[in-house]
Each structure stands twice: as C-alpha cells, then as structure tokens.
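Student:
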Amino acid sequence: MLKFSLDALARKHLDTAARSSAGRSAETFYGGHEHVLRQTLVALMRGSSLSGHETPGEATLYVLSGRVRLTADLDFWEGRTGDLLILPSAEHSLEALEEAVVVLTVAMTGESTNGSASAMRGTSA
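For the sequence shown, position 57 (counting from the first letter as 1) is numbered 57 according to the UniProt record's numbering, and the numbering increases by one without interruption.
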C-alpha cells in the first residue's frame, strides 16, 4: 500500500508555483507510463492557466483548495474546494480564479501514452 499526504504535496507545489514564472507547479504522484491510472497534483497561482489540451482517456479534476474555471468550447464550469469536475473529452483549458490546488486523475485508454497528466508534469519552471 502507498500513502501520500496531499496537504504536504499541495504546500510544496504552492510554494514552487509562487516562485515560478509560469505560476504553476505539478507532480504525478501516482501512476505513469506503466499504469493505466495517473494522478497528478497541480498547484496554480491566481490568474495562471493550463492552455487548451485534450485528455487521453476518462478524467476527473478534484479541487483540493481554491477556485478554478474549466473551459471547453463555449462552455465553462467553476470548481471550488471539494468539487469534483468530470473533464470533457473535447479540448479544454483550466484557469485559477484564485490560488488553487487540484488533483487530476486520468484513466489512460487504448494506445494513449502521453497526455494531460504527462504534459503537466514538470511545469514548475
């Protein structure tokens, strides 16, 4: 069994995001290329965003703290602390309406080996 302190990871990445010119920081804390399930913690400073991208499988976004806006085409959804958003399969983007930490969970499907989770990894610079 593995155990993670999401609070500790959130503090670490909020600190890194605050010092980053991109205003964000992320870490895939479970999964990777050898797993179907990938979980990535993403910390975003107010106003920072993840530009349009598609998700290579089914995905959810759990708002651990703060407030975010998920946009797909002309639709948008706001998520607050404790909200779970089901990500659309269409291209979408994420913006922090205030300092926020989210947990992205992706179940990789088919031949998909790269995507949102891996694209967000290492975005602390």
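Ideal Cβ placement from N, Cα and C applies to all residues, glycine included.
Go ahead and pull the three-state DSSP assignment for H35.
Tutor: If DSSP states are grouped into helix, strand and coil, H35 belongs with coil.
Student: Got a sec, what are the start and stop residues for the beta strand (DSSP E) D75 sits in?
Tutor: Start and end: 75-80.
Student: Helix, strand or coil, according to DSSP, for A10 in the structure here?
Tutor: The answer is helix: DSSP assigns A10 an H, G or I state.
Student: Keeping to the same chain, check which residues put their C-beta closer than 6 Å to that of F76; ignore five residues upstream and five downstream.
Tutor: R69.
Student: By the 10 Å Cβ neighbour count, where 16 or more other Cβ atoms means buried, how is G52 classified, buried or exposed?
Tutor: With fewer than 16 Cβ atoms within 10 Å of its Cβ, G52 is classed as exposed.
Student: Just to confirm my understanding: we take D15, look at its own chain, exclude 5 residues before and 5 after, and list those with CB closer than 7 Å. What are they?
Tutor: None.
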